[in-house]
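Engineer: For the numbering used here, add 6 to where a residue sits in the sequence shown, where the first one is 1.
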Amino acid sequence: MMSPGDNDDTLLAALPTVYSVALRLRRAGVPPEQIAAGLGIEPLALPTLFDIAEAKLAHLRDHRV
7 MMSPGDNDDT LLAALPTVYS VALRLRRAGV PPEQIAAGLG IEPLALPTLF
57 DIAEAKLAHL RDHRV
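1) Name the residue from I58, L50, A61 and D14 whose alpha carbon lies nearest to the alpha carbon of R33.
2) CA-CA distance, R30 and I41?
3) Answer yes or no: the CB of V24 versus the heavy atoms of the ligand COA, is any distance below 6 Å?
4) Tell me, please, whether the segment 41–54 touches the segment 63–70 by the rule of three or more beta-carbon pairs shorter than 8 Å.
5) Give me, in chain order, the residues of the same chain whose beta-carbon lies closer than 8 Å to that of Y25; leave out the 5 immediate sequence neighbours on both sides.
6) Tell me the rounded alpha-carbon separation between A51 and V36.
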């Protein structure tokens, strides 16, 4: 479980870079087309990438010791 001092920034840093960057950019309000271009992927791949990134983040939240 997460300790009280942990936050999403700490957890985001623990994700693989592509997922961390994608989530940080989305949370900063960067348009999806720019996120896709920055990551070098097709815009159609973003929903799946975000789903995987959020699942990995949730796993970290649930299994943090």
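Glycine included, each C-beta is placed from N, C-alpha and C at the ideal position.
Structural biologist: Straight from the coordinates:
1) As a working note, residue 33 is residue 27 in the sequence shown. Among I58, L50, A61 and D14, the Cα nearest to that of R33 is on D14.
2) As a first step, residue 30 must be located in the sequence shown, where it is residue number 24. As a first step, residue 41 must be located in the sequence shown, where it is residue number 35. Answer to the nearest angstrom: the Cα atoms are 10 Å apart.
3) Absent from the structure shown: the ligand COA. Ligands present: none.
4) At 8 Å Cβ cutoff, the stretches do not touch.
5) Along the sequence shown, read from residue 1 onward, the residue named residue 25 stands at position 19. Closer than 8 Å at the Cβ level, and outside the excluded window around Y25, lie L55, I58, A59, K62 and L63.
6) Residue numbering aside, residue 51 sits at position 45 when the sequence shown is read from its first letter. Residue numbering aside, residue 36 sits at position 30 when the sequence shown is read from its first letter. Spanning the two alpha carbons is a distance of roughly 16 Å.
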